[in-house]
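Trainee: Top line first, the protein sequences correspond to chains A and B.
Going by the working numbering, the first residue of the first sequence is number -5, and it counts up by one from there.
Going by the working numbering, the first residue of the second sequence is number -5, and it counts up by one from there.
Pasting a structure below so you can have a look.
Number of protein chains: 2
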Amino acid sequence: MAAYRLQKRCDEEAVFVVEGPKMAAEAMTSAFVIRTVCATAEWLSVHADSIVASETFEVSPMELERLSNFKTPNQVWMLLERKQPKDCRNSKELILALDKIQDPGNLGTMLRTADWFGIRHVMCSSDTVSCYNPKVVQSSMGAVFRTQVDYVDLPQWLASCGIPIYGASLQGQPLNNTLTHTPAVLLIGNESRGISPEAMSQVTHPVLIPNIGGTAESLNAAVAAGILMHWLAS
Amino acid sequence: MAAYRLQKRCDEEAVFVVEGPKMAAEAMTSAFVIRTVCATAEWLSVHADSIVASETFEVSPMELERLSNFKTPNQVWMLLERKQPKDCRNSKELILALDKIQDPGNLGTMLRTADWFGIRHVMCSSDTVSCYNPKVVQSSMGAVFRTQVDYVDLPQWLASCGIPIYGASLQGQPLNNTLTHTPAVLLIGNESRGISPEAMSQVTHPVLIPNIGGTAESLNAAVAAGILMHWLAS
């Protein structure tokens, strides 16, 4: 099982790892198929009856440590099957689109924020960090279980989505001067380079979060995404 | 100089460490007094003429590594004197108040967002992580140089500030139904426990970021702070 610490192995088998009692509880109430559970006797004594999984193993804390992606492994390790992609082009809702997001913590935080604002579809460029990265799963606080996250050729997908596309741009209109529409796509760009030119060319509504102080160079990508999601979803 | 890797030593002398060319450039254009510069010959060859510091040393990359708080030290290390506290009770502006923020990355991101929205005063509870923590300095992207950050008995300070205090609370009014006033204080609580009861009792305007999805338990503290700062500052 320790081989699943390698992202490559998880990619090949279209599975992902979930760790700790909190995330395990989220996984057990989600629609995801649980393939394998490895847990301590303590955790199993409480949860054995509620597990629906192909295989369950009792492991020692030391064995758990060998499996874990984290410094302090915590009672339970699970292997889940990834979701099938789903076409959301005819969605009537707000869709989040992510262009080349690199930092797992940022992606997890954006999924958590999307979950808060009721955004159920997230379309990522194929070079955005995997939503099944253990750090993303953890920092999403369970949002990854409630959100459809798909990886596509993003400029091509944006060109074919047929609904307004909002994207932050220094040449954009201030938020307060811009009307909001739903359905729509909210496009968020890379942490240091912003939205790529190919994706930007598909933006129909360039918007600007006003730089009131005039001294800061930029906002953190997850904070900017949060402000824009609140603005569009509320 | 390596002793300044210890926060205690920095606290005793009321100094803090700044590293890397980007932060060093911010420090050199700020109002902070630079006590010591340790830099590689390469960095000094470009910047020696523009340094205003009590002492400057040329160091080897290996010596820099011994000084650094980071895995990959970068050309220049500086020791700066901390700012004197400043009473901002008569400020006519928006003030950010932080109650027991623990994570350096979150504090840095909040300072960066405050800088973007033109908030120049941040009042922290005495148990909030130090704004002079190297990770805070780094993740603030220079905002720490442009913001007055003071540590106080926060409930007592809130009780005496005499202006409206906005704070996020599950019992609060949705943002869209709430008028904004300036001057005001925006109070942000701890990452997992929210605003403490002592500070909450001083909140005059409890507000709520609507949980539209209804499934997420909470927002990341820096994201919630960003949404509230945008709402109050715009």
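C-beta: ideal position from N, C-alpha, C; glycine also.
Please classify Phe10 (chain B) as buried or exposed, where buried requires at least 16 neighbouring CB atoms within 10 angstroms.
Mentor: Answer is buried; the Cβ neighbour count reaches 16.
Trainee: Taking 8 angstroms as the threshold (beta carbon to beta carbon), is Glu211 (chain A) in contact with chain B?
Mentor: Yes, contact with chain B.
Trainee: Which residue spans inside the region 105 to 158 of chain B form an unbroken beta strand (DSSP E) run of at least 3?
Mentor: Taking only runs of at least 3 residues, the beta strand (DSSP E) segments lying wholly in the region 105 to 158 of chain B are 115 to 119, 142 to 146.
Trainee: Is the shortest distance between the beta-carbon of Phe111 (chain B) and the beta-carbons of chain A less than 8 angstroms?
Mentor: For Phe111 (chain B), the answer is yes, since a Cβ of chain A falls inside 8 angstroms of its Cβ.
Trainee: So with Cβ pairs under 8 angstroms, would you call Val138 (chain A) a contact of chain B?
Mentor: Cβ-Cβ to chain B under 8 angstroms: no for Val138 (chain A).
Trainee: Does the count of Cβ pairs from the region 139 to 147 of chain B and the region 72 to 87 of chain B closer than 8 angstroms reach three?
Mentor: Segments in contact, yes.
Trainee: Can you tell me which of the three DSSP states Arg29 (chain A) falls into?
Mentor: Arg29 (chain A): strand per DSSP, three-state reduction.
Trainee: Please list the partners that His115 (chain B) has in chain A, where partner means a Cβ-to-Cβ separation under 9 angstroms.
Mentor: Residues of chain A passing the Cβ test: none, with the nearest at roughly 12 angstroms.
Trainee: Is the region 96 to 104 of chain A touching the region 115 to 131 of chain A in the sense that three or more CB pairs, one from each, lie closer than 8 angstroms?
Mentor: Verdict: yes, contact present.
Trainee: Counting only beta-carbon atoms, is Pro204 (chain A) nearer than 8 angstroms to chain B?
Mentor: Cβ-Cβ to chain B under 8 angstroms: yes for Pro204 (chain A).
Trainee: Smallest Cα separation from Glu231 (chain A): which of A:Glu57, A:His41, A:Pro55, A:Val31?
Mentor: As displayed, chain A neither begins before -5 nor continues past 228, which places residue 231 (chain A) out of reach and without an answer.
Trainee: Shorter than 8 angstroms from the beta carbon of Ala227 (chain A) to some beta carbon of chain B?
Mentor: Yes - at least one Cβ of chain B is within 8 angstroms of the one on Ala227 (chain A).
Trainee: Assign Leu226 (chain B) to one of two classes, buried (16 or more other C-beta atoms within 10 Å of its C-beta) or exposed (fewer than that).
Mentor: When all chains shown are included, Leu226 (chain B) counts as buried.
Trainee: What residues in its chain sit with their C-beta under 8 angstroms from that of Ala42 (chain B), if we drop five residues either side in the sequence?
Mentor: Answer for Ala42 (chain B): Thr50, listed in chain order.
Trainee: Does the distance from the CB of Leu105 (chain B) to the CB of Val70 (chain B) come in under 8 angstroms?
Mentor: It is not a contact, given that the beta carbons lie outside the stated cut-off.
Trainee: For the putative contact between Val146 (chain B) and Ile159 (chain B), defined by C-beta atoms under 8 angstroms, what is the C-beta separation to the nearest angstrom?
Mentor: So it is not a contact: roughly 14 angstroms between Cβ atoms.
Trainee: Confirm, please, whether the CB-CB distance from Pro15 (chain A) to Asn84 (chain A) is below 8 angstroms.
Mentor: No, Cβ-Cβ distance for Asn84 (chain A) and Pro15 (chain A) is not below 8 angstroms.
Trainee: Can you tell which of A:Ser124, A:Cys4, A:Val123 has the C-alpha that lies nearest to the C-alpha of Arg29 (chain A)?
Mentor: Of A:Ser124, A:Cys4, A:Val123, the residue nearest in Cα terms is A:Cys4.
Trainee: Looking at chain A, is there any beta carbon in it that lies within less than 8 angstroms of the beta carbon of Arg106 (chain B)?
Mentor: So yes, Arg106 (chain B) belongs to the interface.
Trainee: Identify whether Ile182 (chain B) lies in helix, strand or coil by the three-state DSSP scheme.
Mentor: Strand.
Trainee: Identify the contact partners of Ile189 (chain B) in chain A, using a Cβ-Cβ distance below 7 angstroms as the criterion.
Mentor: Correct list: empty, because the minimum Cβ distance to chain A is about 18 angstroms.
Trainee: Starting from Pro200 (chain B), trace the beta strand (DSSP E) in both directions and tell me its first and last residue.
Mentor: 199 to 202 is the span of the beta strand (DSSP E), which, as asked, contains Pro200 (chain B).
Trainee: So, at 7 angstroms on beta carbons, what are the nonlocal neighbours of Ala193 (chain B) in its own chain, with the 5 sequence-adjacent residues on each side left out?
Mentor: Excluding sequence neighbours, Ala193 (chain B) sits near Asp93, Leu148, Pro149, Leu152, Leu181.
Trainee: Do Leu169 (chain A) and Ile203 (chain A) have their CB atoms nearer than 8 angstroms?
Mentor: Against a cut-off of 8 angstroms, the Cβ pair of Ile203 (chain A) and Leu169 (chain A) comes out as a contact.
Trainee: Could you run through the region 14 to 38 of chain A and flag, in chain order, every residue whose CB is less than 7 angstroms away from some CB of chain B?
Mentor: Taking 7 angstroms as the Cβ-Cβ cut-off against chain B, none of the residues of the region 14 to 38 of chain A qualify.
Trainee: Kindly say whether Val217 (chain A), judged by its beta-carbon, lies nearer than 8 angstroms to any beta-carbon of chain B.
Mentor: With 8 angstroms as the cut-off, Val217 (chain A) counts as an interface residue toward chain B.
Trainee: From this set, B:Ala219, B:Thr122, B:Leu213, B:Gly220, which residue's C-alpha is nearest Thr107 (chain A)'s C-alpha?
Mentor: The residue with the shortest Cα to Cα distance from Thr107 (chain A) is B:Leu213.
Trainee: Considering only residues of the region 29 to 93 of chain B, which uninterrupted alpha helix (DSSP H) runs meet the minimum length of 4 residues and lie entirely inside it, listed in chain order?
Mentor: Entirely contained in the region 29 to 93 of chain B, the alpha helix (DSSP H) runs reaching 4 residues are, in chain order, 35 to 41, 55 to 61.
Trainee: Please state whether DSSP places Glu6 (chain A) in a helix, a strand or coil.
Mentor: It is helical.
Trainee: Looking only at DSSP bridge pairs, what is Ala162 (chain B) linked to?
Mentor: Answer is B:Val201.
Trainee: In the structure shown, what three-state DSSP assignment does Ser1 (chain B) receive?
Mentor: Note that residue 1 (chain B) is Gln in the sequence shown, not Ser. Looking at Gln1 (chain B) - three-state DSSP - the assignment turns out to be helix.
Trainee: Excluding sequence positions up to five away, which residues of its chain have a Cβ less than 6 angstroms from the Cβ of Ala(-3) (chain B)?
Mentor: Excluding sequence neighbours, Ala(-3) (chain B) sits near Arg3.
Trainee: DSSP three-state label for Gly99 (chain A), please.
Mentor: Looking at Gly99 (chain A) - three-state DSSP - the assignment turns out to be helix.
Trainee: In the DSSP assignment, what residue or residues form a beta bridge with Val12 (chain A)?
Mentor: Answer is A:Met72.
Trainee: Ordered along the chain, which non-local residues of its own chain (more than five positions away) have a Cβ less than 8 angstroms from that of Gln167 (chain A)?
Mentor: Hits under 8 angstroms: His199, Pro200, Val201, Leu202.
Trainee: Using the Cβ count rule (16 or more neighbours within 10 Å means buried), how would you classify Gln165 (chain A)?
Mentor: Label assigned to Gln165 (chain A): exposed.
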